[in-house]
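So the structure is just underneath, and the comments pick up after that.
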Amino acid sequence: MTELVVLVFERDAARTSELDKALKAAGYGVRVFSDATALLAEATQRPPSLVVLDLDLPHSEGPSLLKTLHDVAPGLAVVTETAKPTVEGAVEAMRRGAYNYISKHGPVAHAIDIIGRALEKERMEIEAREKARERKIRTFDNPGSLAEIDSILSRHHYSDSMLIAYLQDIQKDLRYLPQDALRFVARRINVSLPRLYGIATFYKSFSFRPRGRHTVHVCLGTACHVRGGARLLESFERMLGIPTGETTYDDRFSLESVRCVGCCGLAPVFMVDGHFYGKMTQEKIPQIVNRYE
Amino acid sequence: MSVGNETTHRKVTVCFGTACVAGGAREVLDALRREASRSGAGLEITVARGKCGASCDLAPVVTVEPGGAVYGRVKPSDAGEIVKHLVGGKVVRRLAVSSRPGLDSLPVLADIGFFKNQVLIAMRNRGRIDAESLDDYIANDGYLALAKALTEMTPEQVLGEVKQSGLRGRGGAGFPTGVKWEICRNSPGPDGKYVICNADEGDPGAFMDRSLLESDPHAVLEGMALGARAIGADCGYVYVREEYPLACERVIKAIEVARDCGLLGKNIMSTDFSFDIHVVRGAGAFVCGEETALMASIEGKEGRPRPRPPFPAQKGLWGKPTNINNVETWANVAPIVLRGGAWYASLGTAKSKGTKVFSLVGKVKNTGLIEVEMGTTLRQIVYDIGGGVLKDKKLKAVQTGGPSGGCIPADLIDLPVDYEELSKAGSIMGSGGLIVMDEETCMVDVAHYFVSFLEEESCGKCTPCREGITRMREILGRIVKGEGKRGDIELLQDLGKVIKDASLCGLGATSPNPVLTTLKYFRDEYEAHIFRKRCPAKVCKALIVYRVVAEKCTGCQRCVKACPVQAIVGPRSQPHNLDPAKCIKCGACYEVCKFDAIAGDAIYVE
Amino acid sequence: MISDTIVLVVDGKKRRVRRGQSVLEAARDCGIEIPTLCYHEALEPVGACRLCVVDVTSAGRTRVMASCVTPAEDGMIVGTNTPRIVETRKMIVMLLLARCPTIEIVKRLAREMGVKANPFPKGDETCFLCGMCVRACAEIVGVGAIGIAYRGPKSEVQPPFGQESNVCIGCGTCTTICPARTFDLAKVFSRRSMHQVRGVQEIIRCTVCEDHYTGT
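Protein chains in written order, with the numbering used here: chain A, 4 to 296; chain B, 26 to 631; chain C, 186 to 401.
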């Protein structure tokens, strides 16, 4: 289990030592910085679980540091602190993506409580990422992978009417839509995440969980239906041991149904990785399936 | 009759539509090329990729010119014999598609029932051109209509020809195309107007648009350019569903090639007319075939239909006047402009002019795409062209119009096919899917199938569609399981009426059609399911029991091996036994039995 | 000179109404009540619930249309309670009642329309997807923290990934505008649950302004 690490970027020495003690007592790993460059370098090389950020820096360094941190790690929770809390400041910080905005004069216990809640959520996401790494699926919590996503967005000039095309390209390259990648797209194109999420869930082509190495699409169009398409699908479900829409545990196959691939003259039809098999019967399935590793 | 010696040029064309590629067309093409290059008989043999011949049952299809001979189900190992035929030898009879078996003649397209009864306008280039060759398209009068429109006609005259032709939208609704164009033309569009090609062909069982886009993309592009000229648009979109990757690829290539040759883009053919086209891919939503949902999708949003008015022709894509037409509609425009609207109007019936492309599929012998004059009867389509019902079983119904349409029963087989007649019979033309159904098709199951499809595809915005379709599916689901009750039929009818009247868009409004037409013509089947718990067609799993017909069983054990749950036992050469308790009714045994020895009995469910 | 009023025939009576309104607004101006669920004066109408359907005869055709999104035009003949409309509304309410049998406003509509037995199996949803919460959050508040995810019967109001939103500012607009009272702000400001939202939006007291907000 990865240790949950908090980076504290504070210019106020007293506050720093308060937080440091309290966080360590709560069982979190802590690293302290007072230099922006060093902080960013650390955040890039060894992504932390959370950053506590002092907003009271000259030349609005605080808010811009918030943005830079999110460019490097879009899902990162940043708790901002200030000695001069105002309502406008709070709204501004939240709008810029801060997880929370607290006063340095408030009790440390309050700060630890807020931080604790964020880290609990982070713990679950870390577990998911570790599972993904075990399955050799790429994750998007680092600038390298994000650069790839960025290049997909640049293909259509970051236009916000090409949202569907971006998601299609990401789905094709990565076999799924990682949450972190979506958050990055939302920030980079400047559209709301709910809008992107709405698109990702509305259209059937997208999935939030990775598809297998090979995807089987069984056609359930009308012509295929009257020629036994549904029985083919059931046969696949039995053979692969998964319901339609799922992936085998060894990531070998994902099974999907599709309504009409336009090969009605060869009904019933199924596709594996875009390769069409027409005039199929249940008998012919095993030998075809065995061709795919 | 052998291939003539008049010329030293022979051409062999291999169909490269998706279905033929699936059947191995690539391998056949390579083999033919190898054999042709080895033949060295002083003949010039061209082996080319051809446009979809739309006779998918025979895939892969190879055509020979001169002569027009057609070979079906060709394998790479046949290449040698075919080339030998070309060089002056005999016709390879075992491969030849012929309507007169036994005659020692070269089968020609003009003799074969499937082909000879067709009138090709939208599919005019079928079997003649390589989809990726602009030269081929131009050689067959391609872009001649556009040249004529830009140099000899005014935009109003172009519009006039389309109006006079009586062309109606081929995507389903059948709205007069010329009138639609006129509304868009007359809508003020200071910031520009759009034309859109709706290639989101989602009706399961229909693949006309796929074939047209894959095999003759320039026909669509030229049509769109003509439309843009008539309406005053400068930008167009082709919205292709992502389940058609080859179609997408070919359209994109065709656009690039056309641009390079000055047939698209700025100053087309050196005139002051500029028009360009972009391709957008769908992402798996049937509802995006609906105009307003399609436009929302192009704008990068969820494909949820919007209320109309305002209509797209007034306020469409990004709020500008937009004209949306189906692929097949666009493909008809160039011939109309070239040969005149009056010519087109001379074909067809009083209110349905011209021809229509249908996908003839299902339980029919000759499956594929056909284009026939409006007014052709279902009998001619199913028997003369289709060759009759598969395995000569009894015809039960023909389903038209996809999930928005209905089932025409066999006793209406002499119905002339046009918009009005299909409407009168309770169905619709739709995009052109014609699904032939036989005695082994359960009409309640068909209704359940379509409603389940629509439930998955409903956008969910409005109550009657979202809730109503689910409730219809629930009721039909009970009926096919033998749990139907008195009052279900009346409830389906009442519910259907409200869904039809109150839905926001066409998907919802037409969703009750499959249910209401099957109720109208096959009510006895519903009643059998509900009151006697029987499925007369022996399809609904809960209501059938599989058994082995001992008198016909030869003991070959194929079914024993095919059964996934080992429900059939029996030694070789002895009639087998099927244990109904283990049987999961997958039908695998029925599929493999060559002796018609597996029967599905309708039973009572207590 | 185009006058700023038009004449409609509503339920058999000639009515002069202001130009530029929807049929629903025009009817309400005349004191004719048409039931709605997804309509709110402060939001763009969408015609989703279909409860406001009326018979509209225009240019010789009579069609059932949602009055909130149909512009009133001079010479239109509108029927707000014809037998077909009454039956249609009843069926729509029965469908809603089947989906959300415990929701007060649906039960009230059913009573008013005389719906007795419901032939459909009872569900247990508390949201009928009128979408007003989503539209209010986007159009009025300008935050857009929630949206409708998925489609068809599987549609759900959710913040992204069903996780707690970190742009929600806790204004409570969704709570007040929801006709089903699906969102409820607990009196003791300690927990607030949004139905259809997986996860709980906790209310925290801000140390800056002393107000409450959702902070996750």
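For every residue, glycine included, the Cβ atom is placed at its ideal position computed from N, Cα and C. Remember, predicted model here, so these are calculated numbers, not experimental data.
Just curious, the alpha helix (DSSP H) that residue i is in, first and last residue?
i	result
residue 357 (chain B)	352-364
residue 39 (chain A)	39-48
residue 384 (chain B)	Premise fails: residue 384 (chain B) lies in the beta strand (DSSP E), 380-387, not in any alpha helix (DSSP H).
residue 538 (chain B)	538-546
residue 211 (chain B)	202-211
Beta-carbon separation of residue i and residue j under 8 Å?
i	j	result
residue 276 (chain C)	residue 193 (chain C)	no
residue 256 (chain A)	residue 221 (chain A)	no
residue 208 (chain C)	residue 230 (chain C)	no
residue 258 (chain A)	residue 243 (chain A)	yes
residue 155 (chain B)	residue 75 (chain B)	yes
residue 204 (chain B)	residue 249 (chain B)	no
residue 57 (chain B)	residue 37 (chain B)	yes
residue 246 (chain B)	residue 279 (chain B)	yes
residue 461 (chain B)	residue 387 (chain B)	yes
residue 300 (chain C)	residue 282 (chain C)	yes
residue 237 (chain C)	residue 317 (chain C)	no
residue 344 (chain C)	residue 353 (chain C)	yes
residue 84 (chain A)	residue 54 (chain A)	no
Under the three-state reduction of DSSP, which class applies to residue i: helix, strand or coil?
i	result
residue 297 (chain B)	coil
residue 359 (chain C)	helix
residue 1 (chain A)	Look at the range of chain A in this structure, 4 to 296, and you will see that residue 1 (chain A) is not part of it.
residue 26 (chain A)	helix
residue 620 (chain B)	coil
residue 379 (chain C)	Reliability fails at residue 379 (chain C), whose pLDDT of 38 lies under 50, so the model's placement of it is uncertain and the value that follows must be treated cautiously. Strand, per DSSP.
residue 128 (chain B)	Residue placement at residue 128 (chain B) is poorly supported in this model, since its pLDDT is 41, which falls under 50; the coordinates still yield a value, given next. Of the three classes helix, strand and coil, the one that applies to residue 128 (chain B) here is coil, per DSSP.
residue 456 (chain B)	coil
residue 346 (chain B)	coil
residue 555 (chain B)	helix
residue 140 (chain B)	helix
residue 343 (chain C)	strand
residue 169 (chain A)	helix
residue 26 (chain B)	Caution applies to residue 26 (chain B), whose pLDDT of 29 falls short of 50 and renders its modelled position unreliable; the value that the coordinates give is listed next. Coil.
residue 193 (chain B)	strand
residue 270 (chain B)	helix
residue 187 (chain C)	coil
residue 112 (chain B)	coil
Going by other Cβ atoms of all chains shown within 10 Å of its Cβ, with 16 needed for buried, is residue i buried or exposed?
i	result
residue 152 (chain A)	buried
residue 463 (chain B)	buried
residue 215 (chain B)	exposed
residue 160 (chain A)	exposed
residue 10 (chain A)	buried
residue 187 (chain C)	exposed
residue 446 (chain B)	buried
residue 343 (chain B)	exposed
residue 91 (chain A)	exposed
residue 389 (chain B)	buried
residue 196 (chain B)	buried
Taking the beta strand (DSSP E) that residue i belongs to, which residues open and close that run?
i	result
residue 396 (chain B)	393-398
residue 240 (chain C)	238-243
residue 222 (chain A)	217-222
residue 249 (chain A)	That residue, residue 249 (chain A), is in no beta strand (DSSP E); it is neither H nor E in DSSP.
residue 421 (chain B)	420-425
residue 258 (chain A)	256-261
Just checking: is the beta-carbon of residue i within a distance shorter than 8 Å of some beta-carbon in chain E?
i	result
residue 268 (chain C)	In the structure shown, chain E cannot be found, because the protein chains are A, B and C.
Next on the checklist: Quick check: the region 417-425 of chain B against the region 484-499 of chain B, are at least 3 beta-carbon pairs closer than 8 Å?
Outcome noted: no
Checklist entry - Any contact of the region 171-191 of chain A with the region 179-193 of chain B, i.e. 3+ C-beta pairs under 8 Å? => result no
Checklist entry - Touching or not, the region 102-121 of chain B and the region 341-358 of chain B, by the rule of three or more beta carbon pairs under 8 Å? => result no
Item to check | Three-pair Cβ contact test at 8 Å for the region 296-306 of chain B versus the region 247-267 of chain B | outcome: yes
Item to check | the region 612-624 of chain B in contact with the region 579-595 of chain B per 3-pair CB rule at 8 Å | outcome: yes
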